[in-house]
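Engineer: Structure incoming, see below.
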Amino acid sequence: MAGPTAVAEPAQARAAHEGILRRQSARESAARTYARALPIVPVRARGLTIEGADGRRYLDCLSGAGTLALGHNHPVVLEAIRKVLDSGAPLHVLDLATPVKDAFITELFRTLPGGLADHARVQFCGPAGTDAVEAAFKLVRAATGRNGILAFAGAYHGMTSGALEASGDAFDVRVARLPYPQDYRCPFGVGGPHGAELAARWTQSLLDDPKSGVPLPAGMILEPVQGEGGVLPAPDEWMRRMRRITADRSVPLIADEVQTGVGRTGAFWAVEHSGITPDVMVLSKAIGGSLPLAVVVYRDDLDVWEPGAHAGTFRGNQLAMAAGTATMAYVRENDLTARAATLGARMLQQLRSLAREFPVIGDVRGRGLMIGIELVEAEGEGVGERAEGEGPAGPLGTAGFGSSGGASASVVPGTIPSPRPASPELAAAVQQECLRRGLIVELGGRHASVIRLLPPLTITDEQTTAVLDRLADAVAAVAGSHGPAGERQRQRRRRNRGEGMG
Ligand code: PMP
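Residue numbers (UniProt numbering): 1 to 502.
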């Protein structure tokens, strides 16, 4: 990627880079997010690599928050965009039919889960994932005549009001909140299949108890892997339970595949792992091949909308449709889903070895190339305080506890192991150390304590090694200064200086 910036005087490039960052913080909203933790100024990008205005290069495992299935500027994506530009086709046509859109729908329908593909309808929404979530809620409310939505703790569905209501930090809502299964911080303290079973029973009893305070809802929305919630893959059996519970009660099931779609988790759509067919799918991010595009796909018998019931100006982005068609076709033709599955499994294995080395890594989890590494305080509570017989008795250690290395405490009879406190500080420190080493990673999770890896599905073996090496160095640097060894060193230094305890 040599170019003007690469050959510019380093001091000049540095000044330009700093000037842009200075103007950004002076002029852009206080709500800016990634820009705070990642003070870089991308000027060129290809595949996994981004080059900043200061000439520095980074390996990008943020991938536009999971948007770039093929990495930056993949040749097939650029070619598809150029083809539309060179053809003289209109770039913006509301929801009119075009050959570009026709090809997009054909490619999209080709990938859909079997039970949906033959009876599917697609609605093009405003261009963001959150627009498709709003459309899905509106659709199921119209189709069922009911109002409430079931959503899960830790969910993230977007930033518009309905999507926000269904997300984990909502307030003042028409949404009933259900437990999402998770091993490491299982709300029932058991994790594994038993924890998932308890979560499913809670859902079922809420729906069947006439006095639960939750009337029959218009729909249930779930992420097959919670992304922003901390990379929590739902067990397949739990997904099948949710499908049965909703189907038996005629509650439409909405799968939010905004982040998990297009091969990311090792299946083209993450619902395929469990074999379920949702009634509605919400899709965005990778389906636009790096340009803004969102759709809701649903079974045709839910299509009760009157003409114009759901409109919006920007539903006809031809460049995004062309880029998306090229991306989906490339993933399918090159079996990048299988690649994501095997590479993801290998990365998890290597990260779990790292967790055994560094107690600050509490948990490593993920599915395919959607990976989370939870940072916890190096010392502290490792065993829950619940007395024998108080909590739900479960198969301790069936999953999660003990399987993930660092945070697993030995199980004391009569107590239930619980993980050490999440450490957003350590996670932020690891993110910064990664950046210093030229690696861009995302932070997420309930406590912002989870390092998230969302590399493109095209990442090579060599690049994977480079990513994991840099990450391991970053963790070592942080653990060295924050962990027990680092703390002991600091105490020794304090004693030598005559400071400290008394
Ligand atoms: N659903 C999920 C599962 C997401 O991860 C996101 C974005 N991270 C959204 C919805 C919202 O998408 P957008 O930011 O494009 O509105």
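We treat Cβ as the ideally placed atom computed from N, Cα and C, and that holds for glycine. None of these values were measured; they are calculated from a predicted model.
Would you say the beta carbon of Ser290 is closer than 7 Å to some non-hydrogen atom of ligand 1?
Structural biologist: Locating residue 290 in the sequence shown gives position 290, counting from the first residue. Not under cutoff, so the answer is no.
Engineer: With a cut-off of 8 Å, does the C-beta of Val93 fall near any C-beta of chain D?
Structural biologist: Absent here is chain D; the protein component of the structure consists of one chain.
Engineer: With DSSP as the reference, label His157 as helix, strand or coil.
Structural biologist: For the purposes of this step, residue 157 is taken as the residue at position 157 of the sequence shown. Note: His157 maps to coil in three-state DSSP.
Engineer: Using only the heavy atoms of ligand 1, determine whether one of them is closer than 7 Å to the beta carbon of Gln259.
Structural biologist: Locating residue 259 in the sequence shown gives position 259, counting from the first residue. Checking every heavy atom of ligand 1 against the Cβ of Gln259, one is found closer than 7 Å.
Engineer: Cutting at 8 Å between CB atoms, please list the residues of its own chain near Gln24, excluding the five before and the five after it.
Structural biologist: Position 24 of the sequence shown, counted from the start, is the residue given in the question as residue 24. Counting only Cβ-Cβ distances below 8 Å, and skipping sequence neighbours, we find Arg32 and Ala35.
Engineer: How is Leu369 classed by DSSP in three states: helix, strand or coil?
Structural biologist: On the sequence shown, residue 369 is found 369 positions in, with the first residue counted as 1. The answer is coil: DSSP assigns Leu369 none of H, G, I, E or B.
Engineer: Should His157 be listed as close to ligand 1, given that the test is whether its C-beta is under 7 Å from any heavy atom?
Structural biologist: Looking up residue 157 in the sequence shown gives position 157. Result yes, Cβ under 7 Å from ligand 1.
Engineer: Which of helix, strand or coil does DSSP assign to Ala128?
Structural biologist: Counted from its first residue, the sequence shown places residue 128 at position 128. Coil, per DSSP.
Engineer: With distances taken between CB atoms, is the gap from Ser423 to Val376 smaller than 8 Å?
Structural biologist: Position 423 of the sequence shown, counting from 1, holds the residue named residue 423. Position 376 of the sequence shown, counting from 1, holds the residue named residue 376. In this structure, Val376 lies closer than 8 Å to Ser423 by Cβ.
Engineer: If I follow the unbroken alpha helix (DSSP H) through Gly114, where does it start and stop?
Structural biologist: On the sequence shown, residue 114 is found 114 positions in, with the first residue counted as 1. Start and end: Gly114 to Ala117.
Engineer: Using the Cα positions of Val412 and Arg185, report the straight-line distance between them to the nearest angstrom.
Structural biologist: Locating residue 412 in the sequence shown gives position 412, counting from the first residue. Locating residue 185 in the sequence shown gives position 185, counting from the first residue. Low per-residue confidence applies at Val412: pLDDT is 43, beneath 50, and the placement is therefore not dependable, though the value from the model is reported in the following sentence. Looking at the two C-alpha atoms, the distance is approximately 18 Å.
Engineer: Output yes or no for whether 8 Å exceeds the beta carbon distance between Arg174 and Gly148.
Structural biologist: Counting from one through the sequence shown, the residue named residue 174 turns up at place 174. Counting from one through the sequence shown, the residue named residue 148 turns up at place 148. Contact: yes.
Engineer: For Gly324, which of Ile81, Val41 and Gly66 has the nearest alpha-carbon?
Structural biologist: Counted from its first residue, the sequence shown places residue 324 at position 324. When each option's Cα is compared against that of Gly324, the closest is Ile81.
Engineer: I want to check one thing, is the minimum distance from the CB of Ala166 to the heavy atoms of ligand 1 below 7 Å?
Structural biologist: Working through the sequence shown from its first residue, we reach residue 166 at position 166. No; taking the cut-off as 7 Å, the Cβ of Ala166 has no heavy atom of ligand 1 nearer than that.
Engineer: Mind checking Gln349: buried by the 16 CB within 10 Å criterion, or exposed?
Structural biologist: Reading the sequence shown from its first residue, position 349 is the one you call residue 349. It counts as exposed.
Engineer: Are Val262 and Ile287 close, meaning C-beta to C-beta below 8 Å?
Structural biologist: Here residue 262 is taken as the residue at index 262 of the sequence shown, counted from 1. Here residue 287 is taken as the residue at index 287 of the sequence shown, counted from 1. Going by C-beta atoms, Val262 is nearer than 8 Å to Ile287.
Engineer: Need the endpoints of the beta strand (DSSP E) that Ala176 sits in, please.
Structural biologist: Stepping through the sequence shown from its first residue, residue 176 is reached at position 176. Taken as a continuous stretch (DSSP letters only), the beta strand (DSSP E) holding Ala176 covers Val175 to Leu178.
Engineer: Is there at least one non-hydrogen atom of ligand 1 closer than 7 Å to the beta-carbon of Ala65?
Structural biologist: Position 65 of the sequence shown, counted from the start, is the residue given in the question as residue 65. Result yes, Cβ under 7 Å from ligand 1.
Engineer: How would you call Val475, buried or exposed, if buried means at least 16 neighbouring beta carbons within 10 angstroms?
Structural biologist: The residue given as residue 475 occupies position 475 in the sequence shown. Val475 should be labelled buried.
Engineer: Look up Tyr184 in the DSSP assignment and say whether it is helix, strand or coil.
Structural biologist: Walking along the sequence shown from the start, residue 184 turns up at place 184. It is coil, neither helix nor strand.
Engineer: My assumption, with CB atoms under 8 Å, is that Ile254 sits in contact with Val84. Please give the rounded CB distance.
Structural biologist: Numbered from 1 along the sequence shown, position 254 holds the residue referred to as residue 254. Numbered from 1 along the sequence shown, position 84 holds the residue referred to as residue 84. Ile254 to Val84, Cβ: 31 Å. No contact.
Engineer: With 16 as the cutoff for other CB atoms within 10 Å, does Gly219 come out buried or exposed?
Structural biologist: Here residue 219 corresponds to residue number 219 of the sequence shown, with the count starting at 1. So Gly219 counts as buried.
Engineer: Using 8 Å for Cβ pairs, my map puts Val258 next to Ser274. What's the rounded Cβ distance?
Structural biologist: Counted from its first residue, the sequence shown places residue 258 at position 258. Counted from its first residue, the sequence shown places residue 274 at position 274. About 18 Å separates the two Cβ atoms, so there is no contact after all.
Engineer: Assuming contact is defined by CB atoms lying nearer than 8 Å, are Ser449 and Ala472 in contact in what I supplied?
Structural biologist: For the purposes of this step, residue 449 is identified with residue 449 of the sequence shown, where counting begins at 1. For the purposes of this step, residue 472 is identified with residue 472 of the sequence shown, where counting begins at 1. No, these two residues do not count as a Cβ contact at 8 Å.
Engineer: For Glu51, which three-state DSSP category applies?
Structural biologist: As a first step, residue 51 is located in the sequence shown; it is residue number 51 there, counting from the start. In this structure, Glu51 counts as strand in the three-state DSSP scheme.
Engineer: Please report how far the alpha carbon of Arg57 lies from the alpha carbon of Ala153, in whole angstroms.
Structural biologist: Here residue 57 is taken as the residue at index 57 of the sequence shown, counted from 1. Here residue 153 is taken as the residue at index 153 of the sequence shown, counted from 1. Their backbone Cα atoms lie some 37 Å apart in a straight line.
Engineer: For Met159, is the classification buried or exposed, using 16 other Cβ atoms within 10 angstroms of its Cβ as the cut-off for buried?
Structural biologist: As a position in the sequence shown, residue 159 is number 159, starting the count at 1. Label assigned to Met159: exposed.
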